[in-house]
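For the sequence shown, the working numbering gives the first residue as -4, with consecutive numbering after it.
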Amino acid sequence: MMVASLSALLFTEVRSAAALESWGWRVPFLIALPLGLIGLYMRLRLDETPEFAQVAASGEHERAPLRATLRHDWRSILRIAALVCSPTMCTYVLLVYGPTFLTTELKVPAAQAKLAGFAAMVVMMVLTVVFARLCDRAGRKPFLIAGAIWVLVTAPLGFLLLHRLSFGFLVPGLPLVVIGEALMLAPQPAIFAGLFPTARRYSGVGIGYNIGVVLLGGAGPLVATAIVQATQSTYAPAGYLACGALISLIAAICTPETLRRDRTSTAS
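The following block contains the structure:
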């Protein structure tokens, strides 16, 4: 996403609008091709987790993992979908749709809008790593709760900064909210894995995550555009983000802490 954002920023600055519409829009896709191949290589080289390798070796894997997961773990599937809601909304509304919103609705220059989006991605990338290291020591559930509360509180503040239409307020407007997204993203992989037994983990996490992305978060740009048109208010997306944060907050409160369980299994 950062490479895509930076590519859009650079090509907007160095090429004319006519050149971009004619052929320039193809260049970022060509840049993405080797990145995709690198990602495929990395994925193929990854080893399975020790827990899964042990289950596979013992022959204790599920014959129909999808059916078993839907039957036994549907609560965890719904919990994951709700936990994914807020960070996915933040990604699609702020990082994907955000620069377009700034240029079309607030009439911000395209370069400034793309730079604000890129700055938000950098903040999220760095803080997610930092928070992930911290939550493996202090516990994961508090980070989920803190992140949802952060988005709930800062979404209106972030959009207030964006509406100041000053570059000095514009750049921190998006990163302010995505701090909460980083707080939620950091513990999610460990939390999600801990909600399912090893034999059904892949199916459970895959179903829950994709339900949350497709139904709750992925429609973010479409919903944000619709509510702006319906309400005639460019502050409306902040309310949409706050609703998503509330859903994830309720799910986070109902989610068990998995850090102690991991430490116990490691010790044993």
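Yeah, the Cβ is synthetic: ideal placement off N, Cα and C, and Gly gets one too.
Taking the alpha-carbon positions, what's the residue i to residue j distance?
i      : j       : result
Gln227 : Val118  : 31 angstroms
Ala111 : Leu165  : 7 angstroms
Pro232 : Gly153  : 11 angstroms
Val146 : Ser2    : 28 angstroms
Ser198 : Thr220  : 33 angstroms
Val103 : Leu160  : 7 angstroms
His158 : Leu254  : 41 angstroms
Cys249 : Ala115  : 29 angstroms
Pro151 : Val172  : 9 angstroms
Val124 : Val208  : 22 angstroms
Ala264 : Phe113  : No statement about residue 264 is possible, as the shown extent of the chain runs from -4 to 263 and does not include it.
Ile174 : Trp20   : 31 angstroms
Arg132 : Glu16   : 50 angstroms
Trp18  : Pro94   : 22 angstroms
Ala127 : Ile186  : 11 angstroms
Leu25  : Glu252  : 43 angstroms
Ala247 : Leu178  : 12 angstroms
Ser11  : Leu5    : 11 angstroms
Ala141 : Met84   : 17 angstroms
Pro346 : Ala240  : Outside the displayed range of the chain (-4 to 263) lies residue 346, so it cannot be described from this structure.
Leu210 : Ala52   : 37 angstroms
Thr149 : Met(-4) : 23 angstroms
Leu129 : Ile222  : 37 angstroms
Phe162 : Asp68   : 48 angstroms
Ile242 : Ile206  : 14 angstroms
So, at 6 angstroms on beta carbons, what are the nonlocal neighbours of residue i in its own chain, with the 5 sequence-adjacent residues on each side left out?
i      : result
Val202 : According to the sequence as given, residue 202 is Ile; it is not Val. Within the same chain, Ile202 has close Cβ partners Ile72.
Thr64  : Arg195, Ser198 and Gly199
Leu244 : Ala143
Thr98  : Ala105 and Ala108
Pro60  : Arg195 and Ser198
Is there a Cβ from chain C that is less than 8 angstroms from the Cβ of residue i?
i      : result
Thr149 : This model lacks chain C altogether; it includes just one protein chain.
Counting only the same chain and skipping the five closest in sequence on each side, list residues whose C-beta sits under 8 angstroms from that of residue i.
i       : result
Ala(-1) : Pro23 and Ala27
Leu101  : Leu157, His158, Leu160 and Thr229
Gln224  : none
Which residues in the same chain as residue i place their Cβ atom closer than 7 angstroms to its Cβ, once the five residues preceding and following it in sequence are excluded?
i      : result
Phe47  : Thr193
Val218 : Tyr235
Ser263 : Confidence at Ser263 is low in this model, with a pLDDT of 37, below 50, so its placement is unreliable and the value that follows should be read with caution. Excluding sequence neighbours, Ser263 sits near nothing in its chain.
Pro170 : Ala114, Ala115 and Val118
Leu122 : Ile174 and Ala177
Task: Three or more C-beta pairs below 8 angstroms linking the segment 207 to 216 and the segment 38 to 48 - done: Too few Cβ pairs lie closer than 8 angstroms, so no.
Task: Contact between the segment 184 to 194 and the segment 71 to 82 (3+ Cβ pairs under 8 angstroms) - done: Segments in contact, yes.
TODO: List in chain order: all unbroken alpha helix (DSSP H) runs of 4+ residues lying wholly within the segment 10 to 43.
DONE: Here the runs fully enclosed are 21 to 40.
Open item on the list: Pairs of beta-carbons, one from the segment 165 to 174 and one from the segment 29 to 41, closer than 8 angstroms: are there three or more?
Closed with: Short answer: they don't touch.
Task: the segment 171 to 188 touching the segment 133 to 151, judged by at least three CB pairs closer than 8 angstroms - done: Pairwise C-beta distances place the segment 171 to 188 in contact with the segment 133 to 151, as three or more of them are shorter than 8 angstroms.
Open item on the list: Any contact between the segment 234 to 245 and the segment 78 to 96? By contact I mean 3 or more CB pairs, one from each, below 8 angstroms.
Closed with: The answer is yes - the segment 78 to 96 touches the segment 234 to 245, with three or more Cβ pairs under 8 angstroms.
TODO: Ignoring anything shorter than 4 residues or poking outside the segment 132 to 188, list the alpha helix (DSSP H) runs there in chain order.
DONE: 136 to 157 and 162 to 180, all fully within the segment 132 to 188.
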